[in-house]
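Accompanying notes for the structure given below.
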Amino acid sequence: MSTISLTKYLSRSTPLPPSTPLARSDLKLAVLRNAPVETERFTLALFAPDIAVSHFGAIHKLHSDDFTHILDLTAQTSTLPTPDRFFNTWAINQPRTSQPIDRALIPLGTLDPKPKKTYAEGYSMESRSTI
């Protein structure tokens, strides 16, 4: 796959009406954030084919490359070794503790109701290069 930037992927998308039907069986990814102040916050959901629901609840038709690239990046987390930390959370080096934890949940299908989970603590756009 070619390297593409996912920065501003929603600005490249096409807004869809709130009445756009979404089926649980089409869910490909859900991302949640836990923080000391906000115990659980919805960040993003991706549905086939190429549909995103943003943290504001807006529905978008993504460019196919963006949709595929987000799912490919998420799938790569399954090849990482399991961290030996609370909830097997990957921790990104930060100057202070108690950072928000982002959770990527990948449905594994109808035969396995538990999603594949990847946790990352302390991710931010500003410090993403320090791991």
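First residue of the sequence shown? That's 825 in my numbering, and the numbers climb one at a time after it. Every residue gets a Cβ at the ideal spot worked out from N, C-alpha and C, and that includes glycine. Here the structure is a predicted model, which is why all the values come from computation and not from measurement.
Reference residue i; option with closest CA among the options
i    : options                : result
S843 : V877, A944, K940       : V877
L929 : S837, L840, L853, S835 : L853
F891 : P841, L851, Y943, E945 : L851
T831 : R848, H887, R865       : H887
T903 : P931, S829, T942, S837 : T942
A882 : L856, D889, A869, P873 : A869
T921 : T867, A859, H879       : A859
R848 : P905, E864, R865, F871 : F871
Local conformation of residue i per DSSP, three classes
i    : result
A928 : strand
T903 : helix
L846 : coil
T913 : strand
Identity of the residues DSSP links to residue i by a beta bridge
i    : result
P839 : H884
Expected contact under 8 Å - CB spacing of residue i and residue j to nearest Å
i    : j    : result
A899 : D926 : Actually they are not in contact, since the Cβ atoms of A899 and D926 sit about 16 Å apart, beyond 8 Å.
H879 : P839 : In fact, because the Cβ distance is near 15 Å, the residues do not count as touching under 8 Å.
Residue environment, residue i, which counts as buried when at least 16 other CB atoms sit within 10 Å
i    : result
T954 : Model confidence at T954 stands at a pLDDT of 40, short of 50, so the residue's coordinates are unreliable; what they give is reported in the following sentence. The residue is exposed, with fewer than 16 neighbouring Cβ atoms inside 10 Å.
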